[in-house]
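S.K.: Quick note: the sequence shown uses our numbering, first residue 898, plus one each step.
For glycine and all other residues, C-beta sits at the position ideal for the given N, C-alpha and C.
What follows is a structure written as structure tokens; I'll ask about it next.
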Amino acid sequence: DWWLDGTNELHQQEWSYDYIDSFVSRFTMENIKNNREGKSPYGRKPLLDLVNAFIKYKISNLNVAVIGSTSPWIEAILLNLQNKVTTVEYNVPESKYPNLNCVDYFKDFQKTEKKYDCIVTFSSIEHSGLGRYGDPLDPNGDIKTMEDIHGNLKDNGILVWGAPVGQDAVVWNVHRIYGKKRLPLMFNKFKELEWFGFDKQQLLNHTRLGDYPQPVIVLQKE
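So this is what it looks like as structure tokens:
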């Protein structure tokens, strides 16, 4: 009883210089530290968890891909950390900003030979294969996305991952919630380095379907 069509959810199809720069100017380390970045899509806690993960694991001056992005707030943080950023989407925006490239997931990311130092996906992979964003229906679309991510990371590359964690569920067609059964399938080719913002066991023992926290988890390619 919860179905969404997100094929047109891009906030803006053309990511002009001024549009991207408006995010870059807001999502600076100083603004985030002092709570001056303005409204972010997921509130303040995930924003701080992501920034803390980027800083601790030295995600700076690297080639970084962002998987899934309706607006470029994560890209702005990464650009402010001097990274070269590639946004990977089903519905690809056009970027006209230095060091920010946008590519198609199926046409480009799946077939590329490029290897990234780091890949970031937050509140995105739980949708893969459910068709909400125009992607083909595939019950294992999220696991296949993790395989693509693994293949496109350099050896020992870092994956910064965020999605709902709690009791295993598919909330058709909106998202999945990852629990004790499916989360190990998602991470079976990665080493878990750190969970930011939440305690792993508390979330995995969480039983309320309507409440789905999204931790920031740092993983390393094995």
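1. Using a threshold of 8 angstroms, state whether the C-beta atoms of G1094 and K942 are closer than that.
2. Is the region 965-976 close to the region 1070-1078, with three or more CB pairs under 8 angstroms?
3. Candidates I971, F1003 and G935: which alpha carbon is nearest S1025's?
4. Mapping the DSSP letters down to three states, classify D1001 as helix, strand or coil.
5. Taking only three categories from DSSP, how would you classify L1027?
6. Rounded to a whole number of angstroms, what is the C-alpha to C-alpha distance between M926 and T904?
7. Tell me the DSSP secondary structure of V921 in three-state form.
8. When we look at the beta-carbon of L1050 and count the other beta-carbons within 10 Å, is it buried (16 or more) or exposed?
9. Report yes or no: do the region 929-939 and the region 995-1012 share at least 3 C-beta pairs separated by less than 8 angstroms?
10. On the DSSP letters alone, give me the boundaries of the alpha helix (DSSP H) that T1042 sits inside.
11. Under a Cβ-count criterion, where at least 16 other Cβ atoms within 10 Å of its own Cβ denotes burial, should L1034 be classed as buried or exposed?
M.R.: The structure says:
1. yes
2. no
3. Ranked by Cα distance from S1025, the options I971, F1003 and G935 are led by F1003.
4. strand
5. coil
6. 32 angstroms
7. Helix at V921.
8. buried
9. no
10. Start and end: G1038 to N1049.
11. exposed
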